[in-house]
Amino acid sequence: MAGGDGDRHRGPKRHKSSAPSKAALVDESAEFDYADDFDEDALDADKEVKKRDFTKLELKPDHASRPLWACADGRIFLETFSPLYKQAYDFLIAIAEPVCRQESMHEYNLTPHSLYAAVSVGLETTTIISVLSKLSKTKLPREIIDFIHGSTANYGKVKLVLKKNRYFVESPFPEVLSTLLRDEVISRARISPEDSLGGPSFTISKTSGQASGHEDLLNGMELAAATEDKETHSFEIDPSQVENVKQRCLPNALNYPMLEEYDFRNDTVNPDLDMELKPQARPRPYQEKSLSKMFGNGRARSGIIVLPCGAGKSLVGVSAACRIKKSCLCLATNAVSVDQWAFQFKLWSTIKDDHISRFTSDNKEKFRGMAGVVVTTYNMVAFGGKRSEDSEKIIEEIRNREWGLLLMDEVHVVPAHMFRKVISITKSHCKLGLTATLVREDERITDLNFLIGPKLYEANWLDLVKGGFIANVQCAEVWCPMTKEFFAEYLKKENSKKKQVLYVMNPNKFRACEFLIRFHEQQRGDKIIVFADNLFALTTYAMKLRKPMIYGATSHAERTRILYQFKNSPEVNTIFLSKVSVITPLISQKLMLSYKYHLMLVRDVKKLSVWDVFSGQRVSIKIGWLEEKKNTMLFSILLYQPTHRRCTTQQKGSSFLLTKDIASRLLLVCRRLKKDLI
22 MAGGDGDRHR GPKRHKSSAP SKAALVDESA EFDYADDFDE DALDADKEVK KRDFTKLELK
82 PDHASRPLWA CADGRIFLET FSPLYKQAYD FLIAIAEPVC RQESMHEYNL TPHSLYAAVS
142 VGLETTTIIS VLSKLSKTKL PREIIDFIHG STANYGKVKL VLKKNRYFVE SPFPEVLSTL
202 LRDEVISRAR ISPEDSLGGP SFTISKTSGQ ASGHEDLLNG MELAAATEDK ETHSFEIDPS
262 QVENVKQRCL PNALNYPMLE EYDFRNDTVN PDLDMELKPQ ARPRPYQEKS LSKMFGNGRA
322 RSGIIVLPCG AGKSLVGVSA ACRIKKSCLC LATNAVSVDQ WAFQFKLWST IKDDHISRFT
382 SDNKEKFRGM AGVVVTTYNM VAFGGKRSED SEKIIEEIRN REWGLLLMDE VHVVPAHMFR
442 KVISITKSHC KLGLTATLVR EDERITDLNF LIGPKLYEAN WLDLVKGGFI ANVQCAEVWC
502 PMTKEFFAEY LKKENSKKKQ VLYVMNPNKF RACEFLIRFH EQQRGDKIIV FADNLFALTT
562 YAMKLRKPMI YGATSHAERT RILYQFKNSP EVNTIFLSKV SVITPLISQK LMLSYKYHLM
622 LVRDVKKLSV WDVFSGQRVS IKIGWLEEKK NTMLFSILLY QPTHRRCTTQ QKGSSFLLTK
682 DIASRLLLVC RRLKKDLI
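The sequence shown begins at 22 in the numbering used here and counts up one residue at a time.
In structure tokens form, the structure reads like this:
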């Protein structure tokens with residue numbers, strides 16, 4: 022039997038003269054199948070290795086003076102120490118998606134969506150290839166050239182423009198418009214001119230070209246070609262069929278994605294809003310650059326602007342509204358953010374108090390006059406249940422009004438099923454989305470390309486840190502093992518539902534939290550915010566340490582009172598919060614300590630994105646607008662190593678420290694960071 026068992030694994034032995042049995046044939050065929058699978062895996066591995074092998078890239082003679090490497094798989098590596106770094110970065114951020122941007126080297130990736138965004142700001146296929154070739158140390162691989170041609174062949178050729186309250190489909194290529202009109206849906210949506218004889222006649226106009234801000238990278242002939250006057254052909258479509266036309270033009274249909282632009286200067290139908298930026302409102306260079314991507318050709322492009330936390334997205338939004346000078350609907354994520362946005366409009370612009378209103382569950386205001394600004398939440402607009410009489414009147418006015426600008430804060434929430442309703446409920450000429458992290462767990466972030474528009478601009482965190490515009494982040498992790506008693510209970514099967522509470526309430530983590538609070542309160546005089554997403558942990562920590570707390574049940578008045586005392590009273594130096602984003606706009610202090618199943622300590626921070634270890638959700642914390650360069654001290658007190666969050670932080674260029682022994686190393690880390698920050 023033992024020999025039989027061994028033969029079963031090796032396959033049955035047989036003499037050369039004996040015929041193979043049916044079982045043997047089955048075993049042999051199975052072995053061949055496994056061998057085929059193994060060969061296929063080996064071939065795939067070889068292909069992957071060859072795909073990542075860049076040894077055959079041909080260096081140019083003057084490669085040392087060029088700033089980037091362009092690889093056949095679409096990856097681009099940029100040297101930040103190159104004299105041409107600034108020009109190359111501005112160009113790459115317009116055509117590629119950033120993957121990793123550390124201090125000495127950046128990595129980018131060419132994607133169809135990034136190239137779609139490139140053509141949306143006026144870059145043409147020939148310009149992209151020409152500039153990329155000039156900046157590359159190596160000869161551009163044929164694969165990249167073909168990919169750029171294939172991805173940009175139709176992008177940008179068709180625009181949806183709103184002129185004098187009429188929708189027009191525009192293109193410099195009449196043959197493209199003829200192709201679109203062969204589609205039944207678009208053909209039915211077209212409004213034929215009265216003098217048309219039934220043929221494919223188009224309205225013809227002249228438009229001046231532009232070089233999209235990269236003139237210094239083009240030669241004379243290329244610059245002249247990019248800026249010469251161009252002939253534009255267009256036809257009008259029925260406003261009620263706009264969404265159907267856009268849907269038919271998507272890549273999975275006709276593959277002519279539409280760019281949306283608003284000719285607000287010639288809009289005489291919608292009343293103007295008397296609003297200018299105040300003299301003290303001076304947008305910083307990166308803010309001006311982001312706005313130039315939106316208003317590059319005298320029209321307002323719909324799209325998304327990505328700026329790091331604390332970089333001044335509010336000023337960008339207010340500046341955009343001041344340039345368009347039409348009624349603006351501003352959407353935020355919560356009622357406190359609504360108050361902050363209303364404050365920002367009054368702070369940076371000359372808008373009158375009776376021309377701005379808030380629409381929340383507590384405030385149902387109406388602006389006076391023909392044009393104004395309404396600040397509300399996504400939930401207030403998208404809610405489909407019964408409303409009060411006052412709310413119903415306001416929401417009906419929001420639905421029926423033509424908004425010049427739809428301004429969306431934290432735009433990454435829009436693809437959610439509930440929030441995306443606001444796009445169809447409201448009627449706007451231009452949409453601008455603002456966010457610090459263009460990331461979602463459900464991979465719906467690409468929906469924003471068609472719900473809102475392409476990404477117009479994205480600033481680099483590390484460059485803004487070096488420029489002194491935002492806080493310099495230094496991170497430290499403190500690993501806290503469970504106590505023996507807690508770990509013994511954690512391993513018991515009957516406690517499976519209590520595991521989260523056990524590792525959240527790990528006594529070692531509580532001791533570390535208490536130590537950090539005492540150290541920064543007593544020895545440094547810092548203000549501290551403790552964030553706890555777990556309500557049981559929040560109440561337990563706050564009660565044990567005798568600190569005020571804010572959570573869902575806290576009234577707006579009580580929340581405001583606690584925050585006021587925290588900001589102004591020397592007696593209240595630490596507060597506990599259940600949801601950081603709720604108090605995001607009201608805090609203007611030096612230090613934050615945040616706790617979510619882990620703990621974080623931050624000093625001299627303006628605004629920081631914190632990644633939840635378990636859910637991967639981003640939490641934004643704004644700590645004021647500091648004019649001088651400040652540093653950020655961030656502690657994470659953890660049960661285990663959150664690799665994803667650490668990688669995310671390091672990819673943004675932040676330094677990272679690590680300590681495992683709480684008692685002996687925590688004070689050492691505090692002293693080290695204190696020395697670095699002085």
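Here a beta-carbon is modelled for each residue, glycine too, at the ideal position from N, C-alpha and C.
Going by DSSP, which residues form a beta bridge with residue i?
i: H254; result: S192, I225
i: P119; result: Y129
i: S157; result: L89
i: W424; result: S449
i: T700; result: The structure shown has nothing for residue 700, since the chain only spans 22 to 699.
i: Y478; result: I326
i: K184; result: R187
i: I549; result: T595
i: T397; result: L352, F380
i: E264; result: In DSSP, E264 forms no bridge with anything.
i: Y283; result: L183, A321
If contacts are defined as beta-carbon pairs under 8 Å, then residue i and residue j qualify, I think. What distance do you get, rounded to the angstrom?
i: L483; j: R122; result: 6 Å
i: D463; j: L352; result: Contact flag wrong, Cβ pair sits at about 20 Å.
i: G324; j: K476; result: 6 Å
i: V435; j: I491; result: That belief does not hold up - the Cβ atoms of V435 and I491 are roughly 25 Å apart, past 8 Å.
i: I169; j: L136; result: 6 Å
i: M570; j: F597; result: 4 Å
i: A321; j: F285; result: 6 Å
i: C349; j: L426; result: 4 Å
i: T467; j: I538; result: Not really, about 42 Å apart at Cβ, beyond 8 Å.
i: Y283; j: H438; result: Contact flag wrong, Cβ pair sits at about 27 Å.
i: V179; j: V197; result: 6 Å
Report yes if the C-beta distance between residue i and residue j is below 8 Å; otherwise report no.
i: L485; j: P329; result: yes
i: L156; j: L89; result: yes
i: V266; j: A356; result: no
i: S311; j: Y478; result: yes
i: T560; j: N527; result: no
i: T15; j: W424; result: Only positions 22 to 699 of the chain appear in this structure, which leaves residue 15 out of reach.
i: I97; j: Y129; result: yes
i: A392; j: K452; result: no
i: K160; j: E100; result: no
i: A117; j: V142; result: no
i: P260; j: Y188; result: yes
i: R269; j: D204; result: yes
i: W362; j: V396; result: yes
i: P162; j: A85; result: no
i: K385; j: S412; result: yes
i: D383; j: H577; result: yes
i: M296; j: S370; result: yes
i: A574; j: Y562; result: no
i: L275; j: L201; result: yes
i: F316; j: R344; result: yes
Using a 10 Å radius around the Cβ and a threshold of 16 neighbouring Cβ atoms, would you call residue i buried or exposed?
i: R389; result: exposed
i: R379; result: buried
i: Y585; result: exposed
i: T173; result: buried
i: K548; result: buried
i: A509; result: exposed
i: L336; result: buried
i: T289; result: exposed
i: Y524; result: buried
i: E417; result: exposed
i: P82; result: exposed
i: T354; result: buried
i: R87; result: buried
i: V394; result: buried
i: H134; result: buried
i: I326; result: buried
i: K414; result: exposed
i: F102; result: exposed
Using a Cβ cut-off of 8 Å (strictly closer), state whether residue i contacts chain C.
i: I444; result: Protein chain content of the structure displayed is limited to a single chain, and chain C is not contained in it.
The ligand COA heavy atoms versus the CB of residue i: any closer than 7 Å?
i: P300; result: Because no ligand of any kind appears in the structure shown, any question about the ligand COA cannot be addressed here.
Counting only runs of 3+ residues fully inside the segment 341 to 387, write out the beta strand (DSSP E) ranges in chain order.
349 to 353, 377 to 380
Which runs of the alpha helix (DSSP H) at least 4 residues long sit entirely within the segment 553 to 588? Give them in chain order.
556 to 566
Quick check on the DSSP output: what are the complete alpha helix (DSSP H) runs of length 4 or more inside the segment 505 to 544, in order along the chain?
505 to 512, 520 to 525, 528 to 539
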